[in-house]
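> Residue numbers (my numbering): 5 to 297.
All C-beta atoms, glycine included, are put in the ideal place defined by N, C-alpha and C.
The structure displayed is predicted, hence computed values, not measured ones.
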């Protein structure tokens, strides 16, 4: 699997050409978030569900700036070795957005900040506290980087007790050197396990992309590794090449295959599995949380 920078991205199959990025009501959400100067992964990562989610007045907030210190080959988020300084007012703006959108379940993610000792964990804490101060009834899901497995950073997240802790494994072990060269498969599993072992009341979640060249045998091995780490919720979606600079799609997985894999993963032991071509980590996250509660 090679990355060819020649403007020759594969044509999307019919089942992936159904999402309308401009849906009724989305502009109001987009403008409100812009006015509050709040970043979303929906926009920065070019999510195919942005129209649907914005029209429902929901979004996944991305904190710690717009620049990532890593350059994973699947991701469209811009990267720099020395990103912006931490914005002390960001937490209040996110909390205001949660209140204005009348969210019942807020999902907070971030870029990876290897330039910070705690990887930005303290900013996650500020955001969680700000949301709970304004809207204490809102459940909170965090989708964090690996924090380089720095225990004090992980402990900060555990201490504020988000309802769901999510860290994406992204792909199978054999593809890490190609897809996530600055990350470590076993380290990600350990981060998930540390949170699972520390607080049994926090739901543990992880997600991955399909279509990068993984085999089903490798998928099953990954599921077993996640289950052993304490993961209860799994998301699986189709990898889509966001630009010609990113790695190519190896295969487009049909919807019926996603459905089959969901049943197999549930049978393996996960409490909840979201699986489909358009599924992303935080897609329909509120519904999943409600089903488990």
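1. With DSSP collapsed to three states, give me the class of residue 195.
2. Helix, strand or coil: how does DSSP classify residue 164 here?
3. Between the C-alpha atoms of residue 273 and residue 185, what's the straight-line distance to the nearest angstrom?
4. Taking residue 134 and residue 96 to be in contact with their CB atoms under 8 angstroms, please state how far apart those CB atoms are, rounded to whole angstroms.
5. Quick one: using the 10 Å Cβ neighbour count with 16 as the cut-off for buried, is residue 296 buried or exposed?
6. Return the chain-ordered ranges of every alpha helix (DSSP H) run that is complete within the stretch 49 to 134 and spans a minimum of 4 residues.
7. Taking 8 angstroms as the cut-off, does the stretch 167 to 179 touch the stretch 83 to 93 (at least 3 CB pairs, one atom from each stretch)?
8. Which runs of the beta strand (DSSP E) fall wholly inside the stretch 219 to 262 and span at least 3 residues, in chain order?
9. Which residues in the same chain have their Cβ closer than 7 angstroms to the Cβ of residue 291, if we skip the five residues on either side of it in sequence?
10. Quick check on residue 100 - is its C-beta less than 8 angstroms from some C-beta in chain C?
11. Find out if the Cβ-Cβ distance for the pair residue 347, residue 125 is shorter than 8 angstroms.
12. Which term fits residue 174, buried or exposed, when burial requires 16 or more other beta carbons within 10 angstroms of its beta carbon?
13. So, with DSSP's three-state summary, where would you put residue 278?
14. Output needed for residue 68: all residues of its chain with C-beta closer than 6 angstroms, excluding positions within five of it in sequence on either side, in chain order.
15. Please state whether the Cβ-Cβ distance between residue 277 and residue 216 is less than 8 angstroms.
16. Quick check: the Cα distance between residue 130 and residue 206, rounded to an integer number of angstroms?
17. Pull up the distance between the alpha-carbon of residue 49 and that of residue 256, whole angstroms please.
18. Buried or exposed for residue 294, going by 16 or more other Cβ atoms inside 10 Å?
19. State the CB to CB distance for the pair residue 151 and residue 162, rounded to an integer number of angstroms; the pair is presumed to be in contact (CB under 8 angstroms).
20. Give me the DSSP bridge partner(s) of residue 170.
21. Inspect the beta-carbon positions of residue 193 and residue 233 and report whether they are closer than 8 angstroms.
22. Could you pull out every residue in the same chain whose Cβ sits closer than 6 angstroms to the Cβ of residue 226, ignoring the five residues on either side in sequence?
23. Does the beta-carbon distance from residue 279 to residue 263 come in below 8 angstroms?
24. Apart from the five residues just before and just after residue 42, which ones in its own chain have a Cβ nearer than 7 angstroms to its Cβ?
25. Taking just the CA atoms, how far does residue 155 sit from residue 165?
Quick answer:
1. Along the chain shown, one-based indexing puts residue 195 at 191. The answer is helix: DSSP assigns residue 195 an H, G or I state.
2. Residue 164 sits at position 160 when you count from the first residue of the chain shown. Coil.
3. Your numbering for residue 273 matches position 269 in the chain shown. Your numbering for residue 185 matches position 181 in the chain shown. One C-alpha to the other measures close to 29 angstroms.
4. What you label residue 134 is simply residue 130 of the chain shown in a count that begins at 1. What you label residue 96 is simply residue 92 of the chain shown in a count that begins at 1. At roughly 5 angstroms, the Cβ-Cβ gap stays under 8 angstroms, so residue 134 and residue 96 are in contact.
5. Position 292 of the chain shown, counting from 1, holds the residue named residue 296. Exposed, by the Cβ-count rule.
6. 54 to 59 and 94 to 105
7. no
8. 237 to 242
9. The sequence position of residue 291 within the chain shown is 287, counting from 1. Nothing meets the Cβ criterion.
10. No chain C appears in the structure shown, which is made up of a single protein chain.
11. The requested residue 347 is not part of the displayed model; the chain covers only 5 to 297.
12. As a position in the chain shown, residue 174 is number 170, starting the count at 1. Its Cβ being crowded by 16 or more others within 10 Å, residue 174 is buried.
13. Looking up residue 278 in the chain shown gives position 274. Three-state result, residue 278: strand.
14. The residue given as residue 68 occupies position 64 in the chain shown. 114, 115, 117, 124 and 127, listed in sequence order.
15. The sequence position of residue 277 within the chain shown is 273, counting from 1. The sequence position of residue 216 within the chain shown is 212, counting from 1. Against a cut-off of 8 angstroms, the Cβ pair of residue 216 and residue 277 comes out as no contact.
16. The residue you call residue 130 lines up with position 126 of the chain shown. The residue you call residue 206 lines up with position 202 of the chain shown. Approximately 18 angstroms between the Cα atoms of the pair.
17. Taking the chain shown and counting its residues from 1, the one referred to as residue 49 is at position 45. Taking the chain shown and counting its residues from 1, the one referred to as residue 256 is at position 252. Caution applies to residue 49, whose pLDDT of 48 falls short of 50 and renders its modelled position unreliable; the value that the coordinates give is listed next. Going by the C-alpha atoms only, they are around 19 angstroms apart.
18. Numbered from its first residue, the chain shown carries residue 294 at position 290. Exposed, because fewer than 16 other Cβ atoms sit within 10 Å of the Cβ of residue 294.
19. Position 147 of the chain shown, counting from 1, holds the residue named residue 151. Position 158 of the chain shown, counting from 1, holds the residue named residue 162. Between residue 162 and residue 151 the Cβ distance is about 12 angstroms, and since that is not below 8 angstroms, they are no contact.
20. If you number the chain shown from 1, residue 170 lands on position 166. In the DSSP output, where bridge partners are listed per residue, residue 170 has 147 and 209.
21. Within the chain shown, the letter at position 189 stands for residue 193. Within the chain shown, the letter at position 229 stands for residue 233. Yes, Cβ-Cβ distance for residue 193 and residue 233 is below 8 angstroms.
22. Residue mapping note: residue 226 aligns to position 222 of the chain shown, counting from 1. Excluding positions up to five away in sequence, the list reads 176.
23. By 1-based counting over the chain shown, the position of residue 279 is 275. By 1-based counting over the chain shown, the position of residue 263 is 259. Taking 8 angstroms as the Cβ cut-off, residue 279 and residue 263 qualify as a contacting pair.
24. On the chain shown, residue 42 is found 38 positions in, with the first residue counted as 1. Excluding positions up to five away in sequence, the list reads 65, 97, 98 and 101.
25. The count along the chain shown starts at 1 and reaches residue 165 at position 161. The count along the chain shown starts at 1 and reaches residue 155 at position 151. Roughly 16 angstroms between the two C-alpha positions.
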